[in-house]
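All remarks here apply to the structure that follows.
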Amino acid sequence: MQSAAAEAVLEETLAQPERLPAAMGEAARMLGFDYFCMVNSNLERPAVLVPEEQREGITRYFNDGWINIDYRARRERELPVNTLFLDHRAIDEDERKTSAIYNELFVPMRMAHYAGIRLPMGMDEEWFCFVCRSEAAGVIDGKSAQHFRRLAALAMNSASLAARIHQARASGMLEGLARSGVPALLLGATGRVVAVTPKAEQIFRGDFGIRQGRLWSANAGDAQALGALSAFVSDAHASQARRRVFIQGQGRSRPIVLTALRVLGPALDELPGARVLVTLE
């Protein structure tokens, strides 16, 4: 019964994809998992979908450098897509339980036992979907592993749909602004410019524009404003939905006003595609 209820919670997110992280947390609790998360397989850009109550452990994993010595990540990345990975089967118990990451992170943060799978997210990306639970709860195997595999497929379906909606919404917003003659551009998760309207291109000159894929100004005094914009783009969990900055450039009669707006909202901001719409005036 609990597995069916957990699957139903995730199926509902097909109609409300912005609820996916919260639904993953709810499904995890139903099935006795302490974590149910999704992570981009390009770990140089650690985009993560995680329920808010599970964020501390995931944040420590990335921020404290544990990824560099994680025996799970090292072994799991070698497997083909759509292959179930159970750490207690793939890795010798002595290796796991004598490692620093196990004793200093996994056990204290209730991540001692792990099951994961890498699945395609659309055409261009692959994401790891995984669950963890405490040392006392025991290994993830048998029915628990089967339940996870079904949940992972449902979560990935919902995330893939949300990513398509995400991109369609961003493209539609930019196309509408272009038709209306509004100067605007889209920024991706790393702050790179991914699309520009013709009117925005008319604002760009030798003192302000796009250089190596990023917004740039010849005026050193604009560094703080551009840094604030970059921070807004990169912090998917900031409470602000909008940010305005002023670019002075050089030789202009007035500053350029950049107003940044999140495309999809913080719950799914980690998904592939444009993250922020910026209008210029």
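In the working numbering, each number is its position in the sequence shown, counted from 1, plus 1205.
Cβ atoms here follow ideal geometry from the backbone N, Cα and C, with glycine treated the same way.
Buried/exposed call for residue i, threshold 16 Cβ in 10 Å
{"i": "T1218", "result": "buried"}
{"i": "A1233", "result": "buried"}
Closest Cα partner of residue i within the set the options
{"i": "V1481", "options": "G1432, T1395 and A1350", "result": "T1395"}
{"i": "A1305", "options": "N1273, A1320, L1289 and G1321", "result": "N1273"}
{"i": "T1464", "options": "V1399, N1245 and L1390", "result": "L1390"}
{"i": "N1362", "options": "E1380, V1255, P1325 and F1451", "result": "P1325"}
{"i": "A1227", "options": "D1297, Y1266 and E1257", "result": "E1257"}
{"i": "R1265", "options": "R1315, L1476 and D1346", "result": "R1315"}
{"i": "A1209", "options": "Q1407, A1423, Q1351 and G1426", "result": "Q1351"}
{"i": "G1414", "options": "C1337, V1398 and S1365", "result": "V1398"}
{"i": "Q1407", "options": "Q1207, R1282 and E1486", "result": "E1486"}
{"i": "N1287", "options": "A1357, V1244 and A1423", "result": "A1357"}
{"i": "L1431", "options": "G1321, V1483 and G1411", "result": "V1483"}
{"i": "P1313", "options": "Q1429, V1244, Y1276 and D1239", "result": "D1239"}
Whole-angstrom distance between residue j and residue i, CA atom to CA atom
{"i": "R1369", "j": "P1460", "result": "36 Å"}
{"i": "G1237", "j": "R1260", "result": "17 Å"}
{"i": "W1332", "j": "P1222", "result": "17 Å"}
{"i": "S1365", "j": "R1449", "result": "31 Å"}
{"i": "G1456", "j": "S1439", "result": "30 Å"}
{"i": "V1462", "j": "P1403", "result": "17 Å"}
{"i": "A1320", "j": "I1263", "result": "15 Å"}
{"i": "F1335", "j": "V1253", "result": "11 Å"}
{"i": "Q1453", "j": "S1435", "result": "17 Å"}
Residue i, DSSP secondary structure in three states
{"i": "V1344", "result": "coil"}
{"i": "F1409", "result": "coil"}
{"i": "S1422", "result": "strand"}
{"i": "E1217", "result": "helix"}
{"i": "A1305", "result": "helix"}
{"i": "E1330", "result": "strand"}
{"i": "T1395", "result": "coil"}
{"i": "L1482", "result": "strand"}
{"i": "A1320", "result": "strand"}
{"i": "G1414", "result": "strand"}
{"i": "R1338", "result": "strand"}
{"i": "L1434", "result": "helix"}
Chain B contact for residue i (CB, 8 Å cutoff)
{"i": "Q1351", "result": "In summary, chain B is missing from the structure at hand, where a single protein chain is found."}
Output the residue ranges of the beta strand (DSSP E) runs that lie fully inside the region 1219-1255 and measure 3 residues or longer, sorted by chain position.
1240-1245
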